[in-house]
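Residue numbers (the numbering used here): 8 to 714.
Have a look at the structure below before the remarks.
Here's what the structure looks like:
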């Protein structure tokens with residue numbers, strides 16, 4: 008439960024930090040946001056102010072329930088519902104043909120199109136601004152028409168309602184006069200079809216002598232099922248017999264193999280002969296030890312074995328012959344079953360075809376009978392309703408009046424929407440510009456916000472031929488050459504910095520493990536050794552890497568041995584030709600690294616080395632993983648932070664910078680590692696060619712020393 012609460016608190020803090028980063032970005036570009044919002048708001052407001060006002064006139068019609076009493080409609084399934092009836096009226100009101108009839112009866116001087124409207128056709132203008140909707144759970148229709156002139160809107164709606172009532176009255180009267188004759192004609196046709204269907208069914212039964220076709224089909228299915236069961240059983244026996252014969256044939260004269268076959272061993276005669284043969288062979292083996300081949304007892308024993316073997320072979324052949332006869336019988340019975348099954352299947356197919364034809368004739372009779380009943384009922388209804396629906400089935404409930412207030416455009420709402428759209432567009436544009444900007448500038452912005460300077464960047468390099476977990480020492484190719492140039496740029500930034508140039512103790516740490524601080528420490532030591540006397544100290548006593556990376560024994564004496572006074576300084580330090588610098592490894596790993604780094608002797612060692620060397624580079628453990636780096640910071644003063652941009656995203660970097668600022672650790676600067684290199688190949692090739700001669704390098708060294 009506590010771990011879940013801690014995870015929620017960390018998540019909330021990450022969200023707050025991410026929000027603070029976004030707010031900082033927006034605050035820096037606030038004037039750009041104001042400018043974009045103002046432009047969008049002004050453009051939309053100007054466009055909306057030029058739009059003409061629109062008025063809407065409404066009228067309500069009531070459709071009588073008797074409208075659905077059309078006998079022709081009610082005969083069709085799904086056509087008698089009230090909702091379908093209203094949908095039909097709506098479709099009719101919005102049809103092109105009805106709109107043309109309405110436009111023909113309008114006054115000649117009435118124009119339905121808006122000013123400067125490209126729709127010169129009044130029919131198109133009427134359909135574009137006309138809307139018809141059904142009032143829920145009623146038989147009412149609401150007709151609306153929009154126009155920039157309120158008088159024209161009201162006049163068009165009232166005219167359309169009057170024309171629709173007349174149109175509907177004429178249409179219903181025309182249908183009612185034809186309904187009765189059409190139903191009578193259909194009743195006679197259905198009666199004739201019903202009689203014809205009954206005669207066909209009777210003739211079909213007589214020709215095929217059908218009493219109960221369903222029972223015949225079930226009996227045929229049962230017969231086929233029994234035949235297939237017998238077929239499967241015989242096939243299984245035949246397969247087992249075939250396998251047995253194969254085993255006997257494969258065994259041949261090997262009686263030891265034959266006796267292991269269960270079916271052969273089950274025969275008493277063969278089992279007895281096999282036992283007798285085994286005893287004779289055992290007796291013969293004893294005689295061979297005492298007598299020679301020409302001795303009578305030797306010859307007699309050998310003869311017994313031959314006779315018993317012949318008898319056993321004869322019995323096995325007799326058994327194989329019986330199995331072959333049984334196999335032929337099974338094959339003959341299986342063939343007879345297959346023939347019977349095919350005949351039964353053919354007979355079943357014929358019965359199924361006859362049954363389907365019989366069902367089809369019965370279904371035809373039932374359909375004609377149902378249709379005849381329905382038509383007879385409808386004919387009775389039409390006889391009773393001849394005089395109904397002579398009047399209009401549609402009434403005007405609320406006639407349209409001239410509207411006073413326009414319905415649009417909503418200028419205030421559109422202006423507010425334009426303002427909101429402008430803010431959203433501006434914020435989106437600013438965030439896009441920021442997140443597609445240079446990665447280095449983003450990290451620099453966050454580091455500067457917390458009071459840390461960016462010392463330099465180190466590009467990503469592909470490591471070849473060595474363990475990827477070890478620091479980068481010596482590589483080849485343009486990538487490594489360019490990598491060294493970035494290290495030299497980092498060295499120059501340190502030398503030009505007012506504080507770091509005079510600070511001989513240079514301690515490097517990282518936020519978390521495996522961020523490349525070991526590689527940067529080694530490369531900085533190699534770079535500084537071109538100008539100064541350098542020693543590099545591996546103060547990461549928990550996971551040391553410098554000695555192993557330089558090809559030395561990782562357990563050789565080092566810092567811990569020097570602090571424990573078990574070895575001298577000369578025994579702990581070794582010179583690295585690759586770095587051109589002295590190296591003080593970590594030494595033997597202690598049980599409590601923090602205890603060693605907290606010794607006063609450690610501070611004294613650093614002070615002595617600062618006097619002996621021009622630059623002392625110290626690799627420290629990760630600062631947020633353990634507290635060792637904070638102890639080193641008390642002796643050094645400031646720590647330089649190495650950040651892997653691939654491992655530490657921007658939001659996590661901001662969160663960890665916040666934690667470091669709250670912890671009170673003195674961070675001198677930030678070094679970004681594994682930054683994607685976007686420099687052209689020109690700089691890499693020029694860096695390859697820019698190998699300074701030793702005299703010039705010495706001159707630069709002297710100038711920096713004098714400075």
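All residues carry an ideal CB built from backbone N, CA and C; glycine is no exception.
From a predicted model like this one, the values you see are computed outputs, not experimental measurements.
Output yes or no for whether 8 Å exceeds the beta carbon distance between residue i and residue j.
| i | j | result |
| --- | --- | --- |
| residue 563 | residue 592 | yes |
| residue 518 | residue 630 | yes |
| residue 386 | residue 190 | yes |
| residue 135 | residue 410 | no |
| residue 556 | residue 626 | no |
| residue 623 | residue 549 | no |
| residue 680 | residue 659 | no |
| residue 133 | residue 437 | no |
| residue 62 | residue 416 | no |
| residue 523 | residue 649 | yes |
| residue 318 | residue 358 | no |
| residue 379 | residue 142 | no |
Which residues mark the beginning and the end of the beta strand (DSSP E) in which residue i is found?
| i | result |
| --- | --- |
| residue 460 | 460-466 |
| residue 677 | 674-682 |
| residue 152 | 147-154 |
| residue 550 | From DSSP, residue 550 is part of no beta strand (DSSP E); its letter is neither H nor E. |
| residue 657 | Unbroken run through residue 657 is the alpha helix (DSSP H), 657-670; no beta strand (DSSP E). |
Report the option in the options whose CA atom is closest to the CA atom of residue i.
| i | options | result |
| --- | --- | --- |
| residue 531 | 491, 33, 565, 555 | 491 |
| residue 613 | 637, 629, 570, 583 | 570 |
| residue 227 | 352, 188, 145 | 352 |
| residue 495 | 141, 484, 529, 594 | 529 |
| residue 544 | 537, 520, 576 | 576 |
| residue 171 | 159, 51, 150 | 150 |
| residue 497 | 57, 677, 661 | 677 |
| residue 316 | 328, 288, 327, 200 | 288 |
| residue 559 | 581, 541, 200, 639 | 581 |
| residue 214 | 30, 552, 364 | 364 |
| residue 608 | 233, 39, 568 | 568 |
| residue 508 | 499, 516, 41 | 499 |
With H, G and I counted as helix, E and B as strand and the rest as coil, what does DSSP make of residue i?
| i | result |
| --- | --- |
| residue 126 | Residue placement at residue 126 cannot be trusted, given a pLDDT of 39 that sits under 50; the coordinates are not used to answer. |
| residue 212 | helix |
| residue 425 | helix |
| residue 650 | strand |
| residue 517 | strand |
| residue 621 | coil |
| residue 140 | strand |
| residue 407 | coil |
| residue 479 | coil |
| residue 542 | strand |
| residue 580 | coil |
| residue 586 | coil |
| residue 626 | strand |
| residue 372 | helix |
| residue 360 | helix |
Counting only the same chain and skipping the five closest in sequence on each side, list residues whose C-beta sits under 7 Å from that of residue i.
| i | result |
| --- | --- |
| residue 235 | 348 |
| residue 52 | 422, 425 |
| residue 106 | 130, 133, 134 |
| residue 88 | Note that residue 88 has pLDDT 48, beneath the 50 cutoff, so the model's placement of it is unreliable and the number below is only indicative. Cβ within range, chain order: n/a, list empty. |
| residue 158 | 409 |
Return the chain-ordered list of same chain residues with a C-beta closer than 8 Å to the C-beta of residue i, the five sequence neighbours on each side being excluded.
| i | result |
| --- | --- |
| residue 469 | 486 |
| residue 84 | Note that residue 84 scores a pLDDT of 45, beneath 50, so its modelled location is shaky; the value from the coordinates is reported in the next line. The answer is none, since no qualifying residue turns up. |
| residue 338 | 245 |
| residue 368 | 204, 207, 208, 211 |
| residue 455 | 461 |
| residue 362 | 220, 221, 224 |
First and last residue of the alpha helix (DSSP H) that includes residue i?
| i | result |
| --- | --- |
| residue 65 | Counting along the chain, residue 65 falls outside any alpha helix (DSSP H), though it belongs to the beta strand (DSSP E) covering 62-70. |
| residue 567 | 566-571 |
| residue 219 | First-last for residue 219: undefined, no H or E at that position. |
| residue 47 | 37-56 |
| residue 275 | 275-297 |
| residue 638 | 635-643 |
| residue 500 | 485-503 |
| residue 103 | 103-111 |
| residue 529 | 524-535 |
| residue 602 | 600-604 |
Considering only residues of the same chain and omitting the five flanking positions on each side of residue i, which have a CB-CB separation below 6 Å?
| i | result |
| --- | --- |
| residue 251 | 270 |
| residue 561 | 554, 555 |
| residue 418 | 55 |
State yes or no: is the C-beta of residue i nearer than 7 Å to some heavy atom of the ligand GTP?
| i | result |
| --- | --- |
| residue 42 | By its list of ligands, the structure shown contains no ligand whatsoever, and the ligand GTP lies outside what it can speak to. |
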